[in-house]
Each structure stands twice: as C-alpha cells, then as structure tokens.
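S.K.:
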Amino acid sequence: MNLKVISRNVGVALLVSALFMLLSVFVSLADGGDSALSPLLISFVITFIVGVFPFIFVRKTSQISLKDGFMIIFLSWLLSFIFGALPYALWGGPFSVINAWFESVSGFTTTGSTILEDVESLPRSLLFWRSATHFIGGLGVVVFLLLIIPNSSPVRLRLTNMELSSLSRDDYKSRANKTVYIFAWVYLGICGAAFVTYVLCGMPIFDAVCHAFSVCATGGFSSRNLSIGAFNSPLISIVTIVFMFLASIHFGLIFMALVNRSLRPLHNPVLRFYCIALAVIAVITSMSLKLQGVNDSWGGAFLDGTFQVVSYASTSGFAIADNSTWPVLPCFMLVLVSLVCGCAGSTTGGLKVDRVIVLFKAIHMQILKTLYPSSIFEVRVGRRILHDEEIYPQVLYIAMYFLLLGASAIVIMLMGDPHGHALVGSVASLGNVGPSIYDIGSMGNFNMEPAGIKFVYTVDMFLGRVEIYPVFAVISSIFNRRY
804 MNLKVISRNV GVALLVSALF MLLSVFVSLA DGGDSALSPL LISFVITFIV
854 GVFPFIFVRK TSQISLKDGF MIIFLSWLLS FIFGALPYAL WGGPFSVINA
904 WFESVSGFTT TGSTILEDVE SLPRSLLFWR SATHFIGGLG VVVFLLLIIP
954 NSSPVRLRLT NMELSSLSRD DYKSRANKTV YIFAWVYLGI CGAAFVTYVL
1004 CGMPIFDAVC HAFSVCATGG FSSRNLSIGA FNSPLISIVT IVFMFLASIH
1054 FGLIFMALVN RSLRPLHNPV LRFYCIALAV IAVITSMSLK LQGVNDSWGG
1104 AFLDGTFQVV SYASTSGFAI ADNSTWPVLP CFMLVLVSLV CGCAGSTTGG
1154 LKVDRVIVLF KAIHMQILKT LYPSSIFEVR VGRRILHDEE IYPQVLYIAM
1204 YFLLLGASAI VIMLMGDPHG HALVGSVASL GNVGPSIYDI GSMGNFNMEP
1254 AGIKFVYTVD MFLGRVEIYP VFAVISSIFN RRY
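Under the numbering used here, think of the first position of the sequence shown as 804, with each following residue one higher.
#1: Would the segment 1100-1116 and the segment 1193-1204 be scored as touching if the rule is three or more Cβ pairs under 8 Å?
#2: E966 by DSSP, collapsed to three states: which one?
#3: If you compare alpha carbons, which of E1192, D1191, V1230 is closest to A1210?
#4: With three or more beta-carbon pairs closer than 8 Å as the criterion, would you say the segment 1135-1148 touches the segment 1084-1091?
#5: For V855 and G814, what's the separation of their Cα atoms in angstroms?
#6: Going by DSSP, what residues sit across from L1056 in a beta bridge?
#7: Three or more beta-carbon pairs under 8 Å between the segment 989-1009 and the segment 1024-1037, yes or no?
#8: For V1236, does the three-state DSSP call read helix, strand or coil?
#9: Helix, strand or coil for R1064? Go by DSSP, reduced to three states.
#10: Is it buried or exposed for D1263, if we count other Cβ within 10 angstroms and need 16 for buried?
#11: Using a threshold of 8 Å, state whether the C-beta atoms of F1016 and A935 are closer than that.
#12: Taking Cβ to Cβ, would you say M1047 is nearer than 8 Å to F1121?
#13: Just reading off the beta strand (DSSP E) that R1187 is part of, what are its end residues?
#14: Would P1273 and F877 be called neighbours here (beta carbons separated by less than 8 Å)?
#15: Could you check the C-alpha separation between F905 and F1258 for me, to the nearest Å?
#16: Determine the DSSP secondary structure at A1276, reduced to helix, strand or coil.
#17: Between C994 and the rest of its own chain, which residues show a CB-CB distance below 6 Å, the 5 nearest in sequence each way excluded?
#18: Using the C-alpha atoms, what's the distance from F886 back to S827?
#19: May I ask which residues mark the beginning and end of the beta strand (DSSP E) holding V1097?
#20: What are the boundary residues of the alpha helix (DSSP H) that includes F1259?
#21: What residues in its chain sit with their C-beta under 7 Å from that of R1158, if we drop five residues either side in the sequence?
#22: Helix or strand or just coil, what does DSSP make of Y975?
#23: What is the rounded straight-line gap between the Cα of D973 and the Cα of L1049?
#24: So, are the CB atoms of V1236 and Y1077 less than 8 Å apart?
#25: Could I get the ranges of all uninterrupted alpha helix (DSSP H) runs contained in the segment 1167-1224, with 4 residues as the minimum, in chain order?
#26: If you draw a straight line from the C-alpha of L930 to the C-alpha of R1187, how long is it?
#27: Is E906 helix, strand or coil when you go by DSSP?
#28: Straight-line CA distance for P857 to L840?
#29: Alpha carbon to alpha carbon, how far is L1266 from Y1001? Give it in angstroms, no decimals.
#30: Between which two residues does the alpha helix (DSSP H) holding N812 run?
#31: Reducing DSSP to helix, strand and coil, say where E923 ends up.
#32: Assuming S909 and S916 form a contact by the criterion Cβ under 8 Å, report the distance between their Cβ atoms to the nearest whole angstrom.
#33: To test your reading of the DSSP string, which unbroken beta strand (DSSP E) runs of 3 or more residues are found completely within the segment 1002-1057?
#34: If I measure Cβ to Cβ from V945 and keep anything under 6 Å in the same chain, skipping five residues before and after, which residues do I get?
#35: How many whole angstroms separate the CB atoms of S1239 and Y1260, which I take to be in contact at a CB cut-off of 8 Å?
#36: Whose C-alpha, out of L1069, P1130, A1124, is nearest the C-alpha of Q1095?
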C-alpha cells in the first residue's frame, strides 16, 4: 500500500471541501460578516493546509493499485466527514461534537438527516456550507475517484465497474474514460436547470442555490424549517418532483436521450420498472391519504402522496407534508421505497432497482430449473443476458444489505432505543434516504436520539453511500496482509 500516493489523492478531496468553505466565507462577507465567518475561515485554513500538504512533499505518480484505490475512497470520505464537521463544531449552538459529526456525515453522504430543530436559526453562510456538502458528496459518489485516477490505469476501469451498474447500460455506449465526464456534465446540468427553474418559479436566489445543490445530489437539506412546503407553491413542489426523479435515474440514459434527441434510450427495462413501481405506490399512498381523511381534496392527496413517494424513492428527503400523523399504509409504502430506492448510475442510495430486478429474475429462473432440471434457462434484462458471475454479486449484495440492516437495528436496541426508531431509522440511514416516519419523519429530526445511536446511524450512512464492498475491501486489506 503506497501511503504517499494515497495521501496525495485524498488531498484532492480536502481541497474541494476547502474551496466550498471559502465560498461560504464569501457568503458570510456578503451578509456583512455573520456569526459563522470565523468558524468557516478557520475551517478553510485548516482544511486547505492539510489538503495541500501532500502536493508539496509528495511527487505525482500514475501508479495506483486497486488496493490503493479502495483506500483512497475510504479515507476521502472519512476525512471529508471530519473536516466538514469543523464549521458546525466551531460555530457551536446545537452542534455538539456528535451533532457536528452527524450533520457532516449526513451532508456528504447526501442522506439529509439532521439534528436541527430550527434550521432557519443558522446564518446563511452555514446554510450554504450545509447544502454544499450535498453537492460535493453527490458529485463525489459518481466521479471523484475516477477523475483522479489516470485514464490509462487498468484500475480505473475496474473501479468504474464498481461505481456503475452494467444493468443500466443497454443503450449507453461510451468508453470508460469518458463515462466520468459524461456523468459530471449531467450532474451539473441537473443542478443548473434546477436553479434556473426554481428562480423562475419565484424562489429566492439563495434558497434556489441551496435546493438546487440538494436536489441534484438527492440529498434533502433545505434552508427552511418546512423544507419545500415552506414556499406553499404547488408549482415549486411539482418542479421538485421532476428534478428528484431525474436525479434518481441513470445519468447515462439522460445523456444518450439528450445527445440523440430521442426518447428511445429511455426505453430501458430498469427505468420502465422503476416508473411503474413509483406510479403504483404513489397511487396507493395518495388514495390512502384521501380515503383515510388526511387530505380533504384528491388534488392535495395526490400531490402530497406523489411528492413524498418520489422524495423517499430518490432518497432526496424533501417534504411538503408532515407524515408523522399519516396512517399505517402510506407510512409502510414510504418505508418500502426507502429499501429499494432509485436506479444505479445515479446519486441515490438503497438497494437500487437494478438489483431487485436481477433478484426477481434469478428467483424465477431457479423455480424453472427446479421444475425442468434438464432445460437451460437464462436471466435476461432487456437485450442483455446475465451470466452467473454477474448475478451472484448482486444477490449477495442484497443479502449483505439486509444483514447490516438487522445488525444496525439490533445494536441500536441494545443501546436502549428510547424512541423505538431502531429499524426505520436504520432503513433511512443505510439507504441514505434521510427522513423516515414517526418522530424522525419528513418534518422531524434526529436530535432526540442519544449520542451512541447517532453514531451508529452515521456508520449506516457511510456504508450505504459507498455501497459496502469498498469498506469491506479496505478492512480486509488492513487485516489480511497476503493480498
């Protein structure tokens, strides 16, 4: 393991964070120097010095092993969490050490859970930094490591395959060394389009920036206590639904649709399944809200139901209604979509629709093999035939995901779980959804949870964002010197 190479590349992540801390300083200065000016300035100086240090004393090299790549992923996220917590901890207020850590991890992993009971009490510069962590984390999930590894490195291709699901590539043809740039442009395009649209819909510019950062990263941090509901605008709510949906589908499909000026690339079995599932669950949720008296009108019920279903499925976590008082059925629907979530190749968390489709088809094939043992059957997703070596990792990942989910809930219950959120909180954290139901629902927060439980949730967020395998690979490389 080459520590010099690792330190140099991890320094890039810290310099990106330092850049946005500096932008937050400018926001503070524009407001006349608010109370977060000193915390942000100090955090910028510390983060910049630590980030730039390896560039001064370590020579650049193109030799990066796969083990080094995994360690770069792991340390980049971990150190981003630590240095990203500095502005919160130095500002004080509701941010104890564990609360600052929780808010930082939630931001960078684009989870969107918060400990804040009064978001609007924060100075605008700190609100900007809070949303910026979403923007950094969302972009980093897709392209960070691929941008720093040389194009010619064989490690780049292997790590590209780890980041992007092959199941969503039927109509997406591009060389691996171009994929990262395509994803970056789509990500930035969604962010820019969201900002312009929000402003045109009447949202103030500062709020538009913060919400654009959050929606493109499917994060959920808002500059308002009532999230999107604070604007009391059906138009803004509908626009948010559209951008949450766009950010939750494979970026490569969006790119091909724009380049070809055709909707044909969107005729994808994964996307089709995702759209049908969202529509069915949204209808069930909306009908339940109307028939059980939560909403007085059908229009309000369908807007609230559809918004929350897309918000949870995309792992965005925005809200226009308080689901803490909702009946059991719509709450169950939200927990269900929190498990599966969006498509591979996007910034969403969870199991991903792609893996669920593979699981269903693998089960179906196994049943057919049991009935007709002498016959040969194939798992086919669209025009693509999947072999056992492609099916096995997806099914194994689902098993690992539920094992971790159960382990997290058990650990939290052993800690006391005073509010009974162990399972739903773990689902929301491991899936990077953010809000869940009950007291930690769409308008709730995690401030009432004990420090130990908050830490467990942050571990879930981390595992959910890097998709488990890289973390286990790093742990294995540390304790197993033979590889």
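Here a beta-carbon is modelled for each residue, glycine too, at the ideal position from N, C-alpha and C.
None of the values given here were measured: they were computed from a predicted structure.
M.R.: Considering the structure as presented:
#1: no
#2: Any reading at E966 needs caution, since the residue's pLDDT is 45, under 50, leaving its predicted position unreliable; the model's value is listed next. Looking at E966 - three-state DSSP - the assignment turns out to be helix.
#3: V1230
#4: yes
#5: 6 Å
#6: According to DSSP, which records beta bridges pairwise, L1056 is partnered with nothing at all.
#7: yes
#8: coil
#9: coil
#10: buried
#11: yes
#12: yes
#13: 1187-1189
#14: yes
#15: 7 Å
#16: helix
#17: A1015, C1019
#18: 14 Å
#19: Per DSSP, V1097 belongs to no beta strand (DSSP E) and is neither H nor E.
#20: Looking at the sequence provided, one finds Val at residue 1259 rather than Phe. 1254-1269 is the extent of the alpha helix (DSSP H) around V1259.
#21: Q1197, Y1200, I1201
#22: Any reading at Y975 must be qualified, since the residue scores a pLDDT of 46, below 50, and its modelled position is unreliable; no value is offered.
#23: Because the pLDDT of D973 is 45, which lies under 50, any placement of that residue in the model is unreliable, and the number read from its coordinates should be weighed accordingly. Distance between the alpha carbons of D973 and L1049 is about 18 Å.
#24: no
#25: 1191-1217
#26: 45 Å
#27: helix
#28: 27 Å
#29: 32 Å
#30: 806-833
#31: helix
#32: 5 Å
#33: none
#34: Low per-residue confidence applies at V945: pLDDT is 47, beneath 50, and the placement is therefore not dependable enough to give any value.
#35: Their Cβ separation, rounded to whole angstroms, is 11 Å, which puts S1239 and Y1260 out of contact at 8 Å.
#36: P1130
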